[in-house]
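> I am attaching a structure below and will ask some questions about it afterwards.
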Amino acid sequence: MNDKYAENVGLFKALADTNRLMIVDMLSCGELCACKILEKFSITQPTLSHHMKILCDCGLVSGRKEGKWMHYSLNGEKVQEFKNFLCAITTDKEECICKEGVCSCGKE
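If you read the sequence shown in our numbering, its first letter stands for residue 447, the second for the next number, and so on.
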């Protein structure tokens, strides 16, 4: 049961940064060259590379090299999986971990 939570922790960690959230927002409009992303931030190219590595490592973003620049896009399948997971953990449901067993206060 904990697998579905463990699988998504990396995504939450990757998104727990203002710059990375803004990058995801930018990529929601489509593929962008790293140079275009860099123009919107007051960060160095190595810092952008660090942020992009985190987003790529968690599977949320894909990158491809074209010439000397990387081009990045959202991984639509991973985005949908994450949206489904977020919806599942924030919606009341019959099979929920809160409904397993008896509470220590004696109530079910």
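All C-beta atoms in this analysis are idealised placements derived from N, C-alpha and C, irrespective of residue type, glycine included.
With a Cβ-Cβ cutoff of 8 angstroms, do N454 and I489 count as a contact?
Not closer than 8 angstroms, so no.
> Does the beta-carbon distance from L478 to F487 come in below 8 angstroms?
Contact: no.
> Please identify the residue among T537, A480, K529, N530 whose C-alpha is closest to the C-alpha of Y518.
If we check each option's Cα against that of Y518, A480 comes out closest.
> Leaving out the 5 sequence neighbours to the left and right, which residues in its chain are closer than 7 angstroms to S474 when beta-carbon positions are compared?
Only L520 meet the Cβ criterion.
> Could you spell out the range, first to last residue, of the alpha helix (DSSP H) harbouring E485?
Note, E485: alpha helix (DSSP H), 480-485.
> For the alpha helix (DSSP H) that L473 lies in, which residues bound it at each end?
Residues 464-473.
> If you drop the 5 nearest sequence neighbours on each side, which residues of the same chain put their C-beta closer than 6 angstroms to that of G509?
Counting only Cβ-Cβ distances below 6 angstroms, and skipping sequence neighbours, we find C502, M516, Y518.
> Within 10 angstroms of the Cβ of C504, are there 16 or more other Cβ atoms? Answer buried if so, exposed if not.
So C504 ends up on the buried side.
> With a Cβ-Cβ cutoff of 8 angstroms, do L457 and F528 count as a contact?
Against a cut-off of 8 angstroms, the Cβ pair of F528 and L457 comes out as a contact.
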